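Report on one structure; see the data block that follows.
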Amino acid sequence: MDIIERFIQNPELEKKEYEELLLASGEPEARKRLAEEAVRLRKLYYGDKVYARGLIEFTNICKNDCLYCGIRRSNRKADRYRLTKEEILSCCETGYGLGFRTFVLQGGEDPWFTDERMCEIVRSIRGKYPDCAVTLSIGERSYESYRRLREAGAERYLLRHETASEEHYQKLHPKEMSLAHRKQCLYELKELGYQVGAGFMVGAPGQTYRELAEDLLFLRELQPQMVGIGPFVPHHDTPFRDEPAGSVELTLRLLSIIRILLPKVLLPATTALGTMDPEGREKGFAAGANVVMPNLSPEKNRKKYELYDNKLCTGEEAAESCADLRRRVERADWHLSMERGDAAEKALEEMEQESKRQEDNL
Ligand code: SF4
């Protein structure tokens, strides 16, 4: 049996075998087979739904200096902003009116947003919109901080691990940052009961199949509920300005592989995928993705949250253009869902049987 079929039958492979899988997945037939299996698994747990999350990029101020990032602290040219609590709530109001039931609050590691301020924001959103989920994506914080935010009502947390290879991590980050701490944060978030999202860039400088195999092993160990991956896109004001961008095709293969590795995972077709290819998101759904995150940030700030060059911030990336997004999703034969869309625990059929049993018992 070839490595593709072996992986489909039992995704728990050794590191060397994951490298072999990644190499073999470049063949058109293998790609097709992986995508078919990924879509089958996605349907099993989520049917034909693609979940929409309202993204609010509320601060582009960051104390960190990740080498790949356009809003790193050393970039003096970045035009910095911070939204007030009122502005954030106004984004939520617009989003709620558009039907969104998940708000993703994303920002740099901005020390102005202390635990008190963040908890107050989370509490206000949950108080006003109790039927909505709040996802945070605000980087590394202390256990105590994560605990307080969880208590304030945040239920999900996105923290990309970026690369699971220690050596590679050091190439992408300044020396005061460490993979060990990043991993510790992810485990703490899990312990506190968050639905956790990890992830990485595809084609980051210095990445080979060996590093990607480490990423797959780490994802298997962590068992996150969400995984965000997108092609690396260089930013002109970073040390990686001349590095080549990552490949859309490899990203799509990895989406299928991750869906097979973690069938119940929530997997976004990311903005970076849409930036690199106008059909990137549709291709993402066909490869096993099931989440999109349109932008709810105020229009005047969108361009300023420039993590990489040419990041999409208008058109279908904008939450106001939900109708266009819906058309695109539906053209790809999926259904755009605005509900909370928590991570699946069981297959749909199993859930239907359970609720039928409950009805029969009433
Ligand atoms: S990647 Fe995140 S933590 Fe790193 S510099 Fe950019 S915003 Fe800050």
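In our numbering, the protein residues as written are 254 to 615.
No residue lacks a Cβ here, since even glycine has one placed at the ideal position from N, Cα and C.
As the structure is a computational prediction, the values presented were derived from the model and not from experiment.
Quick check: the Cα distance between residue i and residue j, rounded to an integer number of angstroms?
i, j, result
"Arg580", "Glu419", "42 Å"
"Lys536", "Asp468", "22 Å"
"Glu559", "Glu603", "43 Å"
"Asn548", "Phe353", "11 Å"
"Arg379", "Thr524", "26 Å"
"Leu508", "His588", "19 Å"
"Lys268", "Ala466", "6 Å"
"Glu429", "Lys599", "41 Å"
"Ala288", "Ala597", "20 Å"
"Glu532", "Ala585", "10 Å"
"Gln606", "Asp613", "10 Å"
"Ser377", "Pro477", "27 Å"
"Phe538", "Arg401", "35 Å"
"Glu369", "Val501", "40 Å"
"Asp414", "Asp301", "Reading off the sequence shown, one finds His at residue 414, where the question assumed Asp. Approximately 29 Å between the Cα atoms of the pair."
"Cys372", "Gly406", "8 Å"
"Arg284", "Lys338", "45 Å"
"Gln611", "Leu294", "26 Å"
So, using beta-carbon positions, are residue i and residue j closer together than 8 Å?
i, j, result
"Ser590", "Val375", "no"
"Pro484", "Thr504", "yes"
"Met546", "Arg306", "yes"
"Pro516", "Val544", "no"
"Ala417", "Gly456", "no"
"Gly459", "His421", "yes"
"Cys385", "Leu412", "no"
"Arg326", "Trp365", "no"
"Gly541", "Val387", "no"
"Leu445", "Arg403", "yes"
"Ile257", "Leu274", "yes"
Which residues in the same chain have their Cβ closer than 6 Å to the Cβ of residue i, if we skip the five residues on either side of it in sequence?
i, result
"Ile511", "Val480"
"Tyr382", "Tyr349"
"Ile391", "Gly360"
"Ser550", "Ile309 and Glu310"
Helix, strand or coil for residue i, going by three-state DSSP, please let me know.
i, result
"Leu549", "coil"
"Phe485", "coil"
"Gln221", "The structure shown does not extend to residue 221, since the chain spans only 254 to 615, so no value can be given for it."
"Ser509", "helix"
"Glu415", "strand"
"Tyr298", "helix"
"Tyr410", "strand"
"Ser327", "coil"
"Gly380", "helix"
"Val518", "coil"
"Leu470", "helix"
"Ala457", "coil"
Less than 7 Å between C-beta atoms, sequence neighbours within five positions excluded: which residues of the same chain meet that for residue i?
i, result
"Lys330", "Asp490"
"Leu276", "Tyr462"
"Pro264", "Ile513 and Leu514"
Any beta carbon of chain C sitting closer than 8 Å to that of residue i?
i, result
"Arg593", "Considering every chain present, this structure includes no chain C. It has just one protein chain."
Report yes or no: do the stretch 359-377 and the stretch 303-323 share at least 3 C-beta pairs separated by less than 8 Å? yes
Any contact of the stretch 332-349 with the stretch 393-401, i.e. 3+ C-beta pairs under 8 Å? no
With a cut-off of 8 Å, do at least 3 Cβ pairs link the stretch 313-323 to the stretch 426-446? yes
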